[in-house]
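Count along the sequence shown from 1, then add 48; that gives the number in the working numbering.
All C-beta atoms, glycine included, are put in the ideal place defined by N, C-alpha and C.
One structure is given below, encoded as structure tokens.
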Amino acid sequence: MGKHRVAYFYDSDIPNHYYGPGHPMKPNRINLAHNLVLSYGVYRHLSMFRPHRASAAEMAQYHDPDYIDFVKRASPDTAKALAVDANKFNVGEFADCPIFEGLFDFCSLYCGASIDGAVRLNHGLSDICINWSGGLHHAKKSEASGFCYMNDIVLSILELLKYHARVLYIDIDIHHGDGVEEAFYTTDRVMTCSFHKYGDFFPGTGDIEDIGDGNGKYYSVNFPLKDGIGDEDFLQIFKPIILKIMDVYNPGAVVLQCGADSLTGDRLGCFNLTVKGHGDCVKYVKSFNVPLLVLGGGGYTINNVARCWAYETAVLVDQEDLASEIPENDFYHEYYAPEYNLHLKPSPTVQNNNTKEYLKKYKTQILEHLSQLQGAPSVQMQEIPSDSLLVDRILLKNDAEESS
């Protein structure tokens with residue numbers, strides 16, 4: 049296959065949203081990553097687009113209309129009046145999902161970018177689409193969870209299913225991709241595969257025995273991990289499992305959530321992956337040459353998040369041999385001193401609690417589960433459902449943005 053056509057979605061309004069003082073989620077990390085994409089010159093090898101803002105009607109393809117209406121109305125000024133609903137929807141002062149100014153606009157932007165990516169893949173306009181502001185995998189149909197309000201991943205997968213019989217979702221965030229798994233737990237048209245910390249760790253789901261139900265049995269794959277896993281061990285479980293899934297499931301499209309909280313030194317994480325190791329997962333998934341939507345996710349040491357997603361953007365456009373020394377940029381001294389290095393070293397003080405025996409046992413069990421599948425499920429694709437409600441406007445707007 050020749051050079052991949054890569055679309056990259058970014059809106060400068062995203063970093064302006066603020067969860068509040070002390071909150072670990074910092075949308076400004078998207079700006080840091082974008083700045084590195086620019087300063088390294090990676091942008092020259094991709095097509096850059098400003099996403100459309102997803103409407104309430106688009107969000108309602110998955111989310112409950114009452115919940116969407118609440119998010120539209122929620123602001124610091126209305127928080128007191130909406131206290132009862134806020135509690136119902138797991139939002140507000142005493143939840144990990146606060147009410148902040150511009151909340152619905154924030155959701156509209158990151159959801160719009162993921163939907164735009166799915167539309168471009170569906171219409172064969174791009175081979176790979178990147179939205180680092182997306183990947184908010186904990187959001188449920190009718191409530192917020194884990195810093196996530198609307199589930200852009202589910203919305204983009206629903207869009208992909210209009211053109212593809214099977215979609216594979218892969219999650220390398222340190223937290224289990226519970227919201228996505230829950231949405232597709234009983235169907236064989238979406239396979240979810242999550243590699244995550246398990247045991248006394250948010251969200252508490254993702255046991256190896258959680259394999260799906262009904263028509264979805266064996267179509268949910270979970271690898272529960274312990275503290276401290278490094279690059280070598282992670283890749284030794286990741287590659288054979290993904291290879292087996294690609295072989296038996298044969299997806300028409302892949303959605304890859306690249307949560308960077310699995311990196312060494314993350315504020316909320318406990319793994320020991322480097323930028324290179326994390327990026328090798330992205331490189332491996334890309335090697336299958338299947339339409340690919342790449343999303344962000346967690347990541348709370350924001351200079352490392354920027355390093356990771358800028359490097360992975362480079363990987364996706366075949367420009368991974370970036371200089372180790374970070375080029376001067378708007379955040380050069382504030383965020384990258386004193387080493388100014390793109391790559392991270394694994395922490396020598398972090399103990400890997402994942403023994404070889406443990407990893408082999410669980411890898412073998414997962415591969416046995418996947419062997420239960422008798423080839424890829426067939427779906428009779430009849431009349432294609434209507435595209436996202438704004439598909440024509442999305443494509444026209446994207447083309448205009450690229451040419452400007």
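Looking at the structure shown, is Pro113 part of a helix, part of a strand, or coil, going by DSSP?
-> Along the sequence shown, one-based indexing puts residue 113 at 65. Helix, per DSSP.
Which stretch, first to last residue, makes up the alpha helix (DSSP H) that contains Cys329?
-> Taking the sequence shown and counting its residues from 1, one reaches residue 329 at position 281. Cys329 -> alpha helix (DSSP H) spans 323 to 334.
What residue range is occupied by the uninterrupted alpha helix (DSSP H) comprising His205?
-> The sequence position of residue 205 within the sequence shown is 157, counting from 1. What sits at residue 205 in the sequence shown is Ile, not His. From DSSP, the alpha helix (DSSP H) with Ile205 extends over 200 to 208.
Beta-ladder partner(s) of Phe97, from DSSP | Residue 97 sits at position 49 when you count from the first residue of the sequence shown. Beta-bridge pairing links Phe97 to Phe57.
Alpha carbon to alpha carbon, how far is Arg31 from Tyr158?
-> A query on residue 31 cannot be resolved here, the shown segment of the chain reaching from 49 to 452 and no further.
From which residue to which residue does the beta strand (DSSP E) around Phe243 run?
-> Numbered from 1 along the sequence shown, position 195 holds the residue referred to as residue 243. Taken as a continuous stretch (DSSP letters only), the beta strand (DSSP E) holding Phe243 covers 238 to 245.
Which stretch, first to last residue, makes up the beta strand (DSSP E) that contains Tyr406?
-> The count along the sequence shown starts at 1 and reaches residue 406 at position 358. First-last for Tyr406: 404 to 419, but that is the alpha helix (DSSP H), not the beta strand (DSSP E).
Span of the beta strand (DSSP E) holding Cys306?
-> Counting from one through the sequence shown, the residue named residue 306 turns up at place 258. In the DSSP assignment, Cys306 falls outside any beta strand (DSSP E) and carries neither an H nor an E.
Top-ranked residue by Cα proximity to Gly247, from Val323, Asn402, Tyr388, His65 | Taking the sequence shown and counting its residues from 1, the one referred to as residue 247 is at position 199. Considering only alpha carbons, the answer is Asn402.
List the DSSP bridge partners of Tyr217.
-> Position 169 of the sequence shown, counted from the first residue, corresponds to residue 217. Per DSSP, the beta-bridge partners of Tyr217 are Thr240, Val303.
In terms of DSSP beta bridges, what is Ile178 paired with?
-> The residue given as residue 178 occupies position 130 in the sequence shown. Answer by DSSP bridge pairing, in chain order: Tyr56, Val342.
Could you name the residues of the same chain whose beta carbon sits closer than 6 Å to that of Val85, not counting the 5 residues immediately before and after it, in chain order?
-> Counted from its first residue, the sequence shown places residue 85 at position 37. Counting only Cβ-Cβ distances below 6 Å, and skipping sequence neighbours, we find Tyr91, Ala358, Thr361.
Do you know how far the Cα of Ser156 is from the Cα of Asp59?
-> Along the sequence shown, read from residue 1 onward, the residue named residue 59 stands at position 11. Along the sequence shown, read from residue 1 onward, the residue named residue 156 stands at position 108. About 11 Å.
Grouping DSSP H, G and I as helix and E and B as strand, with all else coil, what is Glu373?
-> Mapped onto the sequence shown, residue 373 falls at position 325. Glu373 carries a strand assignment under DSSP once its states are collapsed to helix, strand and coil.
Sub-8 Å separation of Val54 and Val365 beta-carbons | On the sequence shown, residue 54 is found 6 positions in, with the first residue counted as 1. On the sequence shown, residue 365 is found 317 positions in, with the first residue counted as 1. Against a cut-off of 8 Å, the Cβ pair of Val365 and Val54 comes out as a contact.
Should the region 69 to 84 be regarded as contacting the region 103 to 120, the criterion being three or more beta carbon pairs within less than 8 Å?
-> With contact defined as three or more Cβ pairs closer than 8 Å, the region 69 to 84 and the region 103 to 120 are not in contact.
Inter-residue CB distance, Tyr348 and Leu321 (contact presumed, cutoff 8 Å) = If you number the sequence shown from 1, residue 348 lands on position 300. If you number the sequence shown from 1, residue 321 lands on position 273. About 14 Å separates the CB atoms of Tyr348 and Leu321; that is not less than 8 Å, and the two are not in contact.
For Phe336, count neighbouring C-beta atoms within 10 Å of its own C-beta (all shown protein chains included) and say buried if the count is 16 or more, exposed if not.
-> Residue 336 sits at position 288 when you count from the first residue of the sequence shown. So Phe336 counts as exposed.
Any 3 or more C-beta pairs closer than 8 Å across the region 268 to 285 and the region 407 to 415 | The region 268 to 285, when compared against the region 407 to 415, does touch it at the 8 Å Cβ threshold.
What separation, rounded to the nearest whole angstrom, lies between the Cα atoms of Ile285 and Tyr266?
-> If you number the sequence shown from 1, residue 285 lands on position 237. If you number the sequence shown from 1, residue 266 lands on position 218. Each residue's alpha carbon lies about 18 Å from the other.
Limits of the alpha helix (DSSP H) - the one that Leu392 falls within = As a working note, residue 392 is residue 344 in the sequence shown. Looking at the DSSP string, Leu392 is not in any alpha helix (DSSP H), and its letter there is neither H nor E.
Pick helix, strand or coil for Asn352, following the three-state DSSP scheme.
-> For the purposes of this step, residue 352 is identified with residue 304 of the sequence shown, where counting begins at 1. Residue state, collapsed to three classes: helix.
Using 8 Å as the Cβ pair cut-off and three pairs as the minimum, do the region 376 to 386 and the region 223 to 237 touch?
-> The region 376 to 386, when compared against the region 223 to 237, does not touch it at the 8 Å Cβ threshold.
Can you name the start and end residues of the alpha helix (DSSP H) that Ser162 belongs to?
-> Against the sequence shown, residue 162 aligns to sequence position 114. Looking at the DSSP string, the run of the alpha helix (DSSP H) that includes Ser162 is 151 to 170.
From Leu216, Ile374, Lys334, Asp255, residue whose alpha carbon lies closest to that of Val303 = Numbered from its first residue, the sequence shown carries residue 303 at position 255. Closest by alpha carbon: Leu216.
For Phe137, the three-state DSSP class (helix, strand or coil) | Counting from 1 along the sequence shown, the entry for residue 137 is found at position 89. Correct three-state label for Phe137: coil.
Is it buried or exposed for Asp369, if we count other Cβ within 10 angstroms and need 16 for buried?
-> What you label residue 369 is simply residue 321 of the sequence shown in a count that begins at 1. Around the beta carbon of Asp369, a 10 Å sphere encloses fewer than 16 other beta carbons of the protein chains shown; the residue is thus reported as exposed.
Residue from Ala166, Cys145, Gly172, His244 whose Cα sits closest to the Cα of Met198 = Here residue 198 is taken as the residue at index 150 of the sequence shown, counted from 1. Cα-wise, what sits closest to Met198 is Cys145.
In or out: Gly260 buried (at least 16 other Cβ within 10 Å) or exposed?
-> Here residue 260 refers to the residue found at position 212 of the sequence shown. Gly260 should be labelled buried.
Tell me the start and end of each unbroken alpha helix (DSSP H) in the region 265 to 304 that is at least 4 residues and wholly inside, in chain order.
-> Here the runs fully enclosed are 279 to 297.
Three-state secondary structure (DSSP) of Leu311 | Residue 311 sits at position 263 when you count from the first residue of the sequence shown. If DSSP states are grouped into helix, strand and coil, Leu311 belongs with the strands.
Please report the residue range of the alpha helix (DSSP H) in which Ile78 lies.
-> For this step, residue 78 is matched to residue 30 along the sequence shown. Per DSSP, Ile78 belongs to the alpha helix (DSSP H) from 76 to 87.
Taking the alpha helix (DSSP H) that Glu230 falls in, what are its first and last residues?
-> Mapped onto the sequence shown, residue 230 falls at position 182. Unbroken alpha helix (DSSP H) run through Glu230: 226 to 231.
Own chain partners of Ser174 with C-beta closer than 6 Å, once the 5 adjacent residues on each side are dropped | Position 126 of the sequence shown, counted from the first residue, corresponds to residue 174. Excluding positions up to five away in sequence, the list reads Arg53, Ala55, Arg168.
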